[in-house]
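Protein chains in written order, with our numbering: chain A, 17 to 395; chain B, 17 to 395. These notes are about the structure you will find just below.
Pasting the structure below:
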C-alpha cells in the first residue's frame with residue numbers, strides 16, 4: 017500500500033504497509049483480544065492460533081530469509097535490546113578477551129549498546145576502526161566482532177563470509193547486524209559461519225513502525241551462551257512459575273518478557289509476503305534497480321556537487337544508493353516536499369532505499385527526474 | 017468491550033479492550049504508517065502527532081496514575097526488560113552492596129531478571145525471604161530491595177510507604193513492581209519515597225496483549241543512575257547519529273530502541289479511559305467489589321475445600337481475591353468452560369481479578385453463583 021503521487025525510497029527506514037495488515041490488526045484486536053481475551057494466549061496451538069507460540073512462528077518465517085534454522089531465531093524486543101543480548105552472550109563465550117571490535121561508522125545504537133554493556137561490566141574496550149581496516153584488526157585480544165553488514169549511510173556491503181571466516185580463525189565471535197540486509201537480499205548466516213546476528217522488522221521486512229526485532233544464535237552456542245535477559249517468556253515452562261530460571265529449548269530462551277502481540281501480529285502478516293519469494297530474485301531485481309538508478313543519476317554528478325558513496329561493485333552494495341551533497345539536509349527536505357521520499361543522514365548524505373518487492377524501474381526514472389528538478393531549482 | 021455471557025475476572029492478566037482501540041489501530045496502520053510512512057516519526061509535534069514523542073506522551077498519562085512526574089517515567093519494552101534496567105541502575109548506585117533482597121514469592125520474571133543480571137556481573141546475591149520477613153532483613157549489606165506491591169497469587173498488598181522508608185533508613189534502594197497496582201488503585205511513588213518502579217501496560221491499564229511496560233526513576237537519581245541499555249531512542253539527539261551515547265533529559269534516556277508503535281498506540285488510547293477518573297474512586301469501588309465477592313463466597317468455604325488467601329484487612333489487599341483449592345487447576349478449567357474466567361496459579365490458587373472500571377456488584381454475584389455451581393457439580 018503506497019499513496020499515489022509519491023516515490024517512496026525509504027523502505028530501508030520504514031517499509032511500506034502490506035495490504036493484509038489492517039485486517040489482521042482488526043482481527044487481533046476485536047476478536048483475539050476483545051472477544052477471546054486471555055484465552056488467546058493458549059488458543060488452538062495446532063491451528064497456530066496461540067499467542068504463546070507466535071514469536072516462534074514469526075521466527076521461522078525470518079529464519080528462512082537469513083539462512084538460519086527456525087530454532088536459532090528469537091523474535092521480539094528491539095534491535096538495540098537484541099544487540100545487548102548478543103554481545104553479552106558472545107562476550108561470555110569469549111572469556112578473557114574483553115575487546116569488541118567494530119566499524120567506527122557502525123549504526124550508533126550498536127555502539128551505544130556496547131558502551132552500556134561496558135558500563136555494567138566495567139572491563140570492556142570498544143575498539144572502533146574504519147571498515148576498511150577491520151580485517152587487519154582481527155587480533156588475538158579481540159573477543160567479539162560487531163559489524164553491520166550494510167552501512168546505513170553508504171550502502172556499502174561487507175563480505176560476511178570472508179570476515180566471519182577470518183574472525184573465526186582468530187577465535188573471535190561475530191555479531192552481525194542485518195538491519196539493512198534481512199528482506200533486501202538473501203542472507204546465509206549458517207553458510208557464512210556467523211555466530212550471532214540481530215536485525216530489524218520494520219525496514220525491508222515491512223513489519224510496521226518499530227516492529228519487533230530478531231536475534232540469531234547459532235545452534236552450536238545454545239548450550240554455553242548465557243541468557244542475560246532471562247525473562248519468563250524464555251523459561252522452559254512459563255506457567256510453572258518456578259522460582260529459578262531454566263531456559264527454553266533453542267533460541268526461544270532469548271525471548272524475554274511478554275511479547276507486544278499487536279506489533280508482532282503485524283510483522284507476522286507482513287512476512288507472508290515473502291512466502292513464495294525467491295531471495296535470489298529479490299537480489300537480482302535490487303541490483304537491476306540500483307544499476308538503473310546510478311546510471312540515470314550519472315549525468316547529474318557532472319552538473320551538481322554530488323558524489324556517489326555507494327560502491328559500484330555489485331557485491332559490495334546492499335539495496336540503497338547514497339550520495340554526498342554539501343546541502344544534503346536542505347536538498348532532502350525539497351525532495352520530500354516534491355514527493356520523492358528518501359533520507360538525509362548526517363553529515364551530508366542523501367540516501368535512497370530500493371525495495372525490490374515494490375519498486376519498478378519506472379520508479380527509478382521518476383525519482384531521478386524529481387531529483388534533477390530539485391537540484392536545478394536550487395542552482 | 018466484553019463479550020456477552022462471560023464474567024471476566026482476569027483483567028489483572030489481560031485487561032479488556034477499550035472500545036476506542038480498533039479505530040486508533042486502524043488509523044495508525046492505514047493513515048500514519050500506510051499513507052504518511054516515515055514522515056510520521058516527525059509529524060506535527062505541536063499537535064502531538066509525532067511518533068518520536070509518543071513514548072513521552074504515554075509516560076505522562078501513566079505518571080498521573082502512579083504518583084510520578086512525567087519526566088520520571090519511560091514507557092516501552094517489557095516489564096522484564098525494565099526490571100533489568102532498574103536493577104542495573106539501582107545496583108550501580110548501591111556501590112559495594114551486592115545483595116538484592118526480595119520476596120521469595122515474587123513474580124518469577126523479577127527473580128529471573130535478577131538472576132540474569134547476576135550472570136553478567138558475577139557478584140550478586142539474590143536473597144529470597146518470605147514477605148513477612150522482609151522488614152527484618154533490611155540489613156546493611158543489602159543494596160536493593162525488589163518487591164512487587166501486590167502479590168500475583170494471593171493479592172496481598174505490601175505497605176509501600178513503610179517498607180520504602182525502612183529501606184531508605186538502611187541506605188537501601190527500592191525497586192517496586194507495580195504490575196498489579198497501576199490502574200487498580202492510586203499509587204503514590206514519590207509520596208512513598210520509592211527509588212525505582214516498573215509496571216505493566218496490559219493488566220489494569222488495558223493496553224492490549226503484551227502492551228509496552230513502564231519504568232519509573234525518581235528524579236533525584238537521574239544524574240547518577242547509569243543507563244545500561246543505552247539505545248538510540250534514549251539519546252539526547254537521536255538523529256545526530258553521534259558515535260557516543262549521551263543521555264536524553266529525564267527518564268526518556270531509559271527508552272532504548274525504536275518503540276513498537278502499533279502496540280504503543282493502543283496503550284496510548286487505552287489510557288485515555290483514565291483521563292477523568294479519580295483513583296480514589298477506583299480504590300473505593302475495588303474494595304466494595306472485593307468485600308462483596310468475599311462475603312458471597314463465605315458460605316462456600318464451609319461446604320468446599322476452599323481457603324481464602326487474600327488478606328481480609330482492606331489496606332493489605334490489592335484488587336483480586338484468591339482461594340486455595342486442592343483441585344484448583346481442574347476447578348478453574350470448569351469455571352472457564354462455564355464462562356467464569358479467572359486464573360489458575362501454581363500450585364493450587366484460584367485467582368479472581370476485580371477491575372473497578374468495568375465490573376458491577378452484579379458481576380460479583382453472578383461469578384459466585386457460577387463458582388458455586390461448578391463446585392457442586394464436582395462434589
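Even for Gly, the Cβ is constructed at its ideal location relative to N, Cα and C.
Limits of the unbroken alpha helix (DSSP H) element including residue i
i, result
"residue 394 of chain A", "377-394"
"residue 4 of chain A", "In the structure as shown, chain A starts at 17 and stops at 395, and residue 4 of chain A therefore has no counterpart that could be examined."
"residue 128 of chain B", "124-137"
"residue 207 of chain A", "205-208"
"residue 72 of chain B", "70-82"
"residue 169 of chain B", "Residue 169 of chain B -> no alpha helix (DSSP H), and no H or E assigned at all."
"residue 179 of chain B", "176-185"
Minimum Cβ-Cβ distance from residue i to chain A less than 8 Å
i, result
"residue 91 of chain B", "no"
"residue 258 of chain B", "yes"
"residue 374 of chain B", "no"
"residue 135 of chain B", "yes"
"residue 182 of chain B", "no"
"residue 361 of chain B", "yes"
"residue 72 of chain B", "no"
"residue 248 of chain B", "yes"
"residue 386 of chain B", "no"
Cutoff 8 Å: residue i Cβ touching any chain B Cβ
i, result
"residue 160 of chain A", "no"
"residue 289 of chain A", "no"
"residue 53 of chain A", "yes"
"residue 341 of chain A", "no"
"residue 49 of chain A", "yes"
"residue 239 of chain A", "no"
"residue 43 of chain A", "no"
"residue 338 of chain A", "no"
"residue 26 of chain A", "yes"
"residue 304 of chain A", "no"
Range of the contiguous beta strand (DSSP E) that encloses residue i
i, result
"residue 47 of chain A", "Where residue 47 of chain A is concerned, there is no enclosing beta strand (DSSP E), given that its DSSP letter is neither H nor E."
"residue 230 of chain B", "230-233"
"residue 100 of chain B", "Segment 95-110 is the alpha helix (DSSP H) holding residue 100 of chain B; no beta strand (DSSP E) there."
"residue 116 of chain B", "115-119"
"residue 214 of chain B", "212-215"
"residue 292 of chain A", "Note, residue 292 of chain A: premise wrong, no beta strand (DSSP E); not H, not E."
Residue i vs residue j beta-carbon contact at 8 Å
i, j, result
"residue 67 of chain B", "residue 57 of chain B", "yes"
"residue 32 of chain A", "residue 278 of chain A", "no"
"residue 347 of chain A", "residue 390 of chain A", "yes"
"residue 337 of chain B", "residue 290 of chain B", "no"
"residue 28 of chain B", "residue 220 of chain B", "yes"
"residue 109 of chain A", "residue 151 of chain A", "no"
"residue 188 of chain A", "residue 154 of chain A", "yes"
"residue 225 of chain B", "residue 226 of chain A", "no"
"residue 121 of chain B", "residue 147 of chain B", "yes"
"residue 23 of chain B", "residue 379 of chain B", "yes"
"residue 361 of chain B", "residue 168 of chain B", "yes"
"residue 238 of chain B", "residue 211 of chain B", "no"
"residue 164 of chain A", "residue 123 of chain A", "yes"
Alpha-carbon spacing of residue i relative to residue j, whole angstroms
i, j, result
"residue 182 of chain A", "residue 320 of chain A", "41 Å"
"residue 230 of chain B", "residue 194 of chain A", "28 Å"
"residue 96 of chain A", "residue 140 of chain A", "18 Å"
"residue 296 of chain B", "residue 47 of chain B", "38 Å"
"residue 247 of chain A", "residue 159 of chain B", "22 Å"
"residue 298 of chain B", "residue 174 of chain B", "19 Å"
"residue 185 of chain A", "residue 340 of chain A", "37 Å"
"residue 53 of chain B", "residue 81 of chain A", "24 Å"
"residue 118 of chain B", "residue 344 of chain A", "54 Å"
"residue 232 of chain A", "residue 70 of chain A", "17 Å"
"residue 37 of chain A", "residue 285 of chain A", "6 Å"
"residue 249 of chain A", "residue 228 of chain B", "15 Å"
"residue 266 of chain A", "residue 161 of chain A", "23 Å"
"residue 214 of chain B", "residue 192 of chain B", "6 Å"
"residue 322 of chain B", "residue 316 of chain B", "8 Å"
Under 7 Å by beta carbon: chain E residues contacting residue i
i, result
"residue 67 of chain A", "No chain E is part of this structure, whose protein chains are labelled A and B."
The segment 248-263 of chain A contacting the segment 72-89 of chain A, beta-carbon criterion three pairs below 8 Å: no
Meets three-Cβ-pair contact criterion under 8 Å: the segment 344-362 of chain B and the segment 375-388 of chain B: yes
Given 8 Å, three or more beta-carbon pairs between the segment 236-248 of chain A and the segment 132-141 of chain B: yes
Stretch-stretch touch, CB-based, cutoff 8 Å, three pairs: the segment 362-382 of chain B with the segment 293-309 of chain B: yes
Any 3 or more C-beta pairs closer than 8 Å across the segment 88-105 of chain B and the segment 194-208 of chain A: no
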